[in-house]
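**Q**
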Amino acid sequence: MIRTENHHWVPKFLLRNFASDDGRVFYYNLANRQIGKRPPKQLASRPNFNDLLVSGEPTSFERVYERIETRAAPVVKQLIAAKRVSDLSRIQRFALSEFLAAQSFRTEAYRRGLAAGRQGIDLGDVLSSHLEDIESLALMISDRRWALMESPQGTYFLIGDNPLVLQDLERPSEGGALGLDMANVEVFMPLSPSLALYMPSREVGDQIVEGYWNALQLAFASIDGLPNSQSLGPAEREVVDRCLTSAGPLYRALRLGEVLPAEQDNVVNLNALQIFWAANEVFSRSSDFSFVEHVLAESPSANTIIPVRIEKAQPIRP
Numbered sequence: 045m046i047r048t049e050n051h052h053w054v055p056k057f058l059l060r061n062f063a064s065d066d067g068r069v070f071y072y073n074l075a076n077r078q079i080g081k082r083p084p085k086q087l088a089s090r091p092n093f094n095d096l097l098v099s100g101e102p103t104s105f106e107r108v109y110e111r112i113e114t115r116a117a118p119v120v121k122q123l124i125a126a127k128r129v130s131d132l133s134r135i136q137r138f139a140l141s142e143f144l145a146a147q148s149f150r151t152e153a154y155r156r157g158l159a160a161g162r163q164g165i166d167l168g169d170v171l172s173s174h175l176e177d178i179e180s181l182a183l184m185i186s187d188r189r190w191a192l193m194e195s196p197q198g199t200y201f202l203i204g205d206n207p208l209v210l211q212d213l214e215r216p217s218e219g220g221a222l223g224l225d226m227a228n229v230e231v232f233m234p235l236s237p238s239l240a241l242y243m244p245s246r247e248v249g250d251q252i253v254e255g256y257w258n259a260l261q262l263a264f265a266s267i268d269g270l271p272n273s274q275s276l277g278p279a280e281r282e283v284v285d286r287c288l289t290s291a292g293p294l295y296r297a298l299r300l301g302e303v304l305p306a307e308q309d310n311v312v313n314l315n316a317l318q319i320f321w322a323a324n325e326v327f328s329r330s331s332d333f334s335f336v337e338h339v340l341a342e343s344p345s346a347n348t349i350i351p352v353r354i355e356k357a358q359p360i361r362p
């Protein structure tokens with residue numbers, strides 16, 4: 045007899061963070077536009093979803109994902125409680141990076157995209173290859189600068205059934221190939237209705253930190269009365285002041301680990317990405333899905349699956 049198990053592509057421990065007081069999570073079905081409420085164990089899952097063929101042999105990936113989740117769950121819990129990325133140890137940071145790496149290819153949305161861009165390769169073989177490479181992918185994620193973004197009071201983050209989302213910093217509204225190893229690609233992951241991970245590319249993160257530090261040094265050097273002080277012209281002073289004002293919170297988040305206060309536009313952007321990247325459903329602590337309905341009305345192709353292309357044994361996301 046074949047044993048039937050319900051396998052999740054979004055872990056229950058993450059979905060529980062979006063549950064209301066009764067322990068259930070509101071969902072919005074993107075296909076039929078229905079709203080409902082279910083416990084996390086009934087969301088983003090299917091019987092035997094992670095049982096596949098690898099080189100023609102029956103193989104289950106479920107235990108591998110469970111081990112990754114077990115290591116990551118307490119790290120996410122600590123992040124939500126402490127709101128400080130800098131408190132994570134090197135081992136904790138890698139455990140969460142490994143979880144994020146797995147989340148990039150374990151979802152139904154990824155499978156649909158892979159099927160749409162099929163290159164004559166079997167799903168089980170592809171996922172097996174990704175799991176073999178997960179350490180290098182996790183190191184790539186860990187090497188980025190991280191910020192914990194907090195939504196403004198009265199707003200909240202949604203989470204879709206494909207929650208790790210990517211965006212091109214220079215062309216945020218355009219499609220095309222996106223990968224964790226690509227320059228200018230930002231990574232986002234909601235952890236709770238009020239907190240989300242934000243990871244710019246290593247290059248962009250370094251530019252933000254170095255730019256702010258240079259502006260801070262110029263401002264300090266221009267203070268009258270200090271040895272070797274230098275004056276700044278009006279235009280230079282304006283640039284320095286603007287940099288210190290606008291980049292200050294991001295610098296403190298990326299460099300010092302402080303929580304990053306999100307703007308309303310940040311919440312709108314991340315919630316829209318959750319809708320665009322989802323396969324079936326979007327989840328929330330609230331029953332108000334008016335934003336989801338607005339996005340679908342304005343962008344009828346928002347839930348269209350874009351083919352996934354495999355290059356150099358790494359998942360390249362739409």
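Counting in my numbering, the sequence shown runs from 45 upward without gaps.
Idealized CB from N, CA, C, for every residue including glycine.
Quick caveat: nothing in here was measured; it's all calculated off a predicted structure.
Kindly list the residues whose CB is nearer than 6 Å to the CB of HIS52, restricted to its own chain and excluding five residues on each side of it in sequence; keep chain order.
**A** Result list for HIS52: ALA88, SER89, in chain order.
**Q** With a cut-off of 8 Å, do at least 3 Cβ pairs link the region 71 to 78 to the region 169 to 185?
**A** Flag = no, the region 71 to 78 and the region 169 to 185 do not touch.
**Q** So ARG299 and MET243 are in contact, right, with Cβ under 8 Å, and what is the actual spacing, rounded?
**A** Not really, about 14 Å apart at Cβ, beyond 8 Å.
**Q** Is SER245 helix, strand or coil by DSSP?
**A** Coil at SER245, not helix or strand.
**Q** Can you pull the DSSP bridge partners for ARG90?
**A** In DSSP, ARG90 forms a bridge with HIS51.
**Q** Helix, strand or coil for ASN61? Go by DSSP, reduced to three states.
**A** DSSP places ASN61 in helix when its eight states are reduced to three.
**Q** Check ASP66 in the structure and name its three-state DSSP category.
**A** Here ASP66 sits in coil by DSSP.
**Q** Is DSSP giving VAL108 helix, strand or coil here?
**A** The answer is helix: DSSP assigns VAL108 an H, G or I state.
**Q** Spatial neighbours of VAL209 within its chain, please: C-beta separation below 8 Å, excluding the five flanking residues on both sides.
**A** The answer, listed in chain order, is VAL231, PHE232, MET233, LEU314, LEU317, GLN318, PHE320, TRP321.
**Q** Which two residues bound the contiguous beta strand (DSSP E) that contains MET184?
**A** No beta strand (DSSP E) contains MET184, which is instead part of the alpha helix (DSSP H) from 178 to 186.
**Q** Taking the continuous beta strand (DSSP E) assigned at ARG82, which residues delimit it?
**A** Counting along the chain, the beta strand (DSSP E) containing ARG82 begins and ends at 79 to 82.
**Q** Near LYS81, what residues of its chain come up, given a Cβ to Cβ distance below 6 Å and the 5 sequence neighbours on each side ignored?
**A** Hits under 6 Å: ARG68, PHE70.
**Q** Whole angstroms is fine: what's the gap from ASP309's alpha carbon to MET193's?
**A** For ASP309 and MET193, the distance between alpha carbons rounds to 12 Å.
**Q** Look up ILE165 in the DSSP assignment and say whether it is helix, strand or coil.
**A** Reduced to three states, the DSSP call for ILE165 is coil.
**Q** With a CB to CB cut of under 6 Å and the five nearest residues on each side skipped, what residues in its chain are close to SER130?
**A** Here the set comprises GLY301.
**Q** ASP66: buried (16+ other C-beta within 10 angstroms of its C-beta) or exposed?
**A** Answer is exposed; the Cβ neighbour count stays below 16.
**Q** Tell me the residue span of the beta strand (DSSP E) that contains PRO333.
**A** The residue you asked about is not Pro; residue 333 is Phe in the sequence shown. Premise fails: PHE333 is in no beta strand (DSSP E) and is neither H nor E.
**Q** CB-CB under 8 Å to VAL253, same chain, minus the five flanking residues each way: which ones, in chain order?
**A** Same-chain partners within the cutoff: ARG189, TYR295, LEU298, ARG299.
**Q** Could you give the DSSP three-state label for TYR200: helix, strand or coil?
**A** If DSSP states are grouped into helix, strand and coil, TYR200 belongs with coil.
**Q** Leaving out five residues on either side along the sequence, give the residues of the same chain with a beta carbon under 6 Å from the beta carbon of VAL352.
**A** So the list reads GLY157, LEU158, GLY161, once near-sequence residues are dropped.
**Q** At which residues does the beta strand (DSSP E) containing LEU96 begin and terminate?
**A** Here the beta strand (DSSP E) through LEU96 covers 95 to 98.
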